[in-house]
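A quick write-up on the structure given underneath.
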Amino acid sequence: MAHGFDEATLAGVLGHMNADHTGDNLLIVRAFGRPEAVSATMTGFDGDGGDWRVELADGSSAVLRVPWPGGPIAERPEVRREVVALHEEAVRRLG
């Protein structure tokens with residue numbers, strides 16, 4: 107079973123990602139399964155990966171789950187490391 111993070115950790119990370127990294131959210135979802143996305147919001151995460159709500163051009167939305175590149179995690183500092191790794195891989199994939 108995946109490690110769950112406390113509400114303060116979830117709120118802090120999600121608030122930061124959705125306020126300061128909207129472009130990074132979009133890049134990640136485009137690289138990891140939804141290239142047609144027009145916007146993305148990080149909605150949650152656990153020890154196995156992150157979750158994003160993806161908005162599509164036709165007005166519909168979808169959910170995308172992306173596993174952490176380094177494998178399961180259990181500590182708050184590891185979340186940042188894994189999100190950065192996702193972003194770096196997204197940049198590599200999309201150029």
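Read in order, the letters of the sequence shown correspond to residues 107 to 201 in the numbering used here. Ideal Cβ positions, reconstructed from N, Cα and C, are used throughout, including at glycine. The structure presented is a predicted model; accordingly, all values stated were derived computationally and were not measured.
Counting the other CB atoms within 10 Å of its CB gives residue 140 a total of 16 or more, which places it among the buried residues. Residue 184: member of the alpha helix (DSSP H) spanning 182–200, first to last residue. Sequence-distant partners of residue 124 (beyond 5 residues in either direction) whose C-beta falls short of 8 angstroms from its own C-beta, in its chain, are 131, 147 and 148. Between the C-alpha atoms of residue 118 and residue 163 there is a straight-line separation of about 29 angstroms. Between residue 144 and residue 159, the C-beta gap is not smaller than 9 angstroms, which leaves the two residues out of contact.
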